[in-house]
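The structure appears right after this line, and notes come after that.
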Amino acid sequence: MGLRLLIDGAERIRVVGEGVNGDEALTLAAHHDPDVILMDVRMPGLTGIDAVQRLTDAGSRAKVVMLTAFDTEEFLLDALRAGAVSFLLKDAPPEDIVGAVLDAAQGKSVFSPSALDRLVRAAAGGSTDEARPLDGSGRRQREPGATRDDGLLATVTSREREIARYVAQGMTNAEIASALFVSQATVKTHLASLFSKLHVTNRVQLALLALEWEAAEHA
């Protein structure tokens with residue numbers, strides 16, 4: 002309720018639905034077609050990460066911001082791989098949460114400082130968290146820092162890998178185009194190819210893979 006009051010009172014934001022678990026999130030998303038979904042990681046029934054994966058699989062256009070009290074590499078990486086664009090802790094300042102919702106609507110990613118630090122360490126193979134199941138199913142997730150299937154990576158061209166590295170550095174399409182002396186349309190074409198080849202849905206997932214490639218090459 003507090004989050005709803007905070008977000009609904011912000012300029013340019015209108016809350017269209019509120020649910021108590023992942024199942025309700027899927028129903029509300031299908032009914033309202035929201036621009037952004039603020040999702041918790043742990044909820045009764047369907048978990049937030051599983052709900053994000055189902056939204057991604059269904060082709061939802063909603064950008065998902067994960068908001069959680071659990072600051073671990075496992076939750077962070079699982080959320081990003083499922084399709085979330087941002088990851089914030091619940092103790093984030095109110096203005097950061099509002100800002101993350103607004104940024105997500107524009108396709109921009111936001112991470113709490115500790116989550117960003119964990120993301121970099123995990124991608125570099127420096128994870129310290131023990132793997133544990135996401136829910137009662139006992140399902141184990143891919144180890145943090147593990148690289149994408151070599152068969153998929155082999156389909157990526159040298160120019161596409163270069164663009165992926167620039168994405169991991171936080172560069173915009175315009176900045177990448179300037180660095181490579183190509184048009185933004187060319188950059189977008191390469192990004193579309195990368196998304197298709199690597200089965201990722203956003204720049205965050207692509208950046209994570211690029212960091213994993215770098216870590217594997219220097220291991």
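Just so you know, we're using the numbering used here here: the sequence shown kicks off at 2 and counts up by one.
Note that beta-carbon positions come from the ideal geometry of N, C-alpha and C, so glycine has one too.
query	result
Exposed unless 16 or more other CB atoms sit within 10 angstroms - verdict on E19	exposed
Segment limits, beta strand (DSSP E) that includes F88	87–90
For T69, three-class secondary structure by DSSP	strand
Coil, strand or helix - F182 by DSSP	coil
Inter-stretch contact at 8 Å, needing at least 3 Cβ pairs: the stretch 160–167 / the stretch 175–186	yes
Sub-8 Å separation of V86 and N174 beta-carbons	no
Residue span of the alpha helix (DSSP H) that contains V99, given as start and end	95–106
Three-state secondary structure assigned by DSSP to S128	Its pLDDT being 46, under 50, S128 is placed unreliably by the model, and nothing is read from it.
For L154, the three-state DSSP class (helix, strand or coil)	helix
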